[in-house]
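Asker: Let me begin by handing over the structure; questions about it come next.
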Amino acid sequence: MGIPMVVSLSGIGDRSLEHCAEFAAELDQRRTPLTLLVAPRPSGSAPPGPDRPAVSWVRARQRRGDALALHGFDHAPSGQRMLPRVASSGPAAAVRGAEFAALPAHEAGLRLHAATAALDRLGLRTELFVPPRWLSSPGTVTALRGRDFQVCADALAVHELATGRVHRARVHALGPGARVEHWWCRALVLGVGRAARRGRMVRLAVDSADLARPGPRRAVLDSIDLALHHGAEPATYESFAGAVVPRQRRAPGMGGRLPNLDPLSS
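Take 45 as the starting number for the sequence shown in our numbering and just add one per residue.
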C-alpha cells in the first residue's frame with residue numbers, strides 16, 4: 045500500500061440517504077471506498093429496524109467494498125467534562141456528544157456490548173471503532189481490545205489494537221458556521237493537499253450534512269481529487285487491521301519533527 049487516504053462518512057440516515065448515495069457514486073468513479081460510520085442509536089432516538097432504507101444501503105455498500113465502523117452507541121455525552129475540540133490546539137472546551145471521551149474501561153465495555161448487539165440485530169458487524177467526536181479514553185481502548193476490535197481511529201491517529209502500532213495523522217473535516225463556510229472549505233482543501241503533497245496519510249471526515257450544500261460538497265470532492273493527484277492511495281480503516289502500512293515521509297528540512305498539517309495554525 046502507498047500513502048493511504050481514508051474517507052469516512054457519518055450522519056447516514058433515511059433523510060440523508062440521497063446525498064450519501066450520490067457521494068458514494070462520485071467516489072466509485074474515483075475508485076475510492078468509504079468507511080461508513082454507524083451509531084446504532086444516534087442521539088438517543090429509537091434504533092432503526094433492519095429493513096430501513098439506510099440500513100439496507102449500508103449493507104449493500106459493504107458488499108461493494110466499503111468498510112463499516114462502529115461510531116458509538118447513542119452519542120450521549122459522558123458527563124460535563126472539559127475536553128479538547130477535535131483537531132484544535134486552542135483552549136479546552138466542552139464537546140457535546142463525545143460519548144467515549146472520558147469513560148472508564150468497565151462503562152465503555154457496557155456501551156460497546158450494547159452497541160455491537162444493536163448492530164447484530166441490524167445484520168451488521170465490524171471490528172472497527174471510530175469514537176463520536178473522534179475522542180476516546182484510555183479505558184475505551186482497553187475495552188475495545190477486550191471485545192476483539194482491531195482498529196480504533198481517533199482525532200490524531202489510527203491505532204492497530206492487536207499489534208499496538210500507531211499511525212499518526214490528524215482528521216481533516218469541515219467546521220461549523222455558515223458565515224465562515226467559504227473559509228472552512230478553503231482550509232479543508234489546503235490542509236488535505238498539504239498532507240498529501242508531503243507524503244502524509246490523509247484522513248478526511250465527511251458528515252452527510254456537508255453533502256447537502258454545494259460549497260462544502262465541492263470542497264470535499266476537490267480535496268479527494270487533490271490527494272489522488274499527489275499519489276495518495278484510497279483505503280479504509282479496515283486496511284489497518286493487521287495490514288502493512290508504509291512509513292510516511294517527513295517534509296524536507298523538518299529534521300526529526302513532524303510537519304504542521306493544520307492550515308489554520310501554520
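Note that the Cβ used here is the ideal one computed from N, Cα and C, for glycine as well. As the structure is a computational prediction, the values presented were derived from the model and not from experiment.
Work out the CA separation of Leu205 and Leu114 for me, nearest whole Å.
Answerer: The straight-line gap from Cα to Cα measures roughly 15 Å.
Asker: Here's the rule I'm using: 16 or more other beta-carbon atoms within 10 Å means buried, otherwise exposed. How should Ala104 be labelled?
Answerer: exposed
Asker: Starting from Thr170, follow the beta strand (DSSP E) in both directions and report where the run begins and ends.
Answerer: Taken as a continuous stretch (DSSP letters only), Thr170 belongs to no beta strand (DSSP E), as it is neither H nor E.
Asker: Tell me which residue opens and which closes the beta strand (DSSP E) that Asp251 is part of.
Answerer: 246-251
Asker: Within 10 Å of its beta-carbon, does Gly88 have 16 or more other beta-carbons around it, so buried, or fewer, so exposed?
Answerer: Per-residue confidence for Gly88 stands at a pLDDT of 49, beneath the threshold of 50, marking its modelled position as unreliable; the derived number appears in the next sentence. Around the beta carbon of Gly88, fewer than 16 other beta carbons lie within 10 angstroms, which makes this residue exposed.
Asker: Go ahead and pull the three-state DSSP assignment for Ala83.
Answerer: coil
Asker: Please confirm whether Gly57 and Ala98 have their CB atoms less than 7 Å apart.
Answerer: yes
Asker: Mark Glu66 as exposed unless 16 or more other C-beta atoms lie within 10 angstroms of its C-beta, in which case mark it buried.
Answerer: exposed
Asker: Of the choices Arg59, Ala253, Tyr281, whose alpha-carbon is the least far from that of Pro175?
Answerer: Tyr281
Asker: For the beta strand (DSSP E) containing Arg212, name the first residue and the last one.
Answerer: Going by DSSP, Arg212 is part of the beta strand (DSSP E) stretching over 210-212.
Asker: Nearest to Leu78 by alpha carbon, out of Phe284, Ala279, Gly235?
Answerer: Nearest C-alpha to Leu78: Ala279.
Asker: Which of helix, strand or coil does DSSP assign to Leu61?
Answerer: Helix.
Asker: Label Gln73 either buried or exposed according to how many other C-beta atoms from any shown protein chain fall within 10 Å of its C-beta, with 16 as the threshold for buried.
Answerer: Counting the other CB atoms within 10 Å of its CB gives Gln73 a total below 16, which places it among the exposed residues.
Asker: Starting from the Cα of His211, find the closest Cα among Ala161, Ala240, Val195 and give me that residue.
Answerer: Val195
Asker: Run through DSSP, which three-state label would Leu114 get?
Answerer: When secondary structure is reduced to three states using DSSP, Leu114 falls in the strand class.
Asker: Locate the alpha helix (DSSP H) running through Ser100, then write down its first and last residues.
Answerer: 97-108
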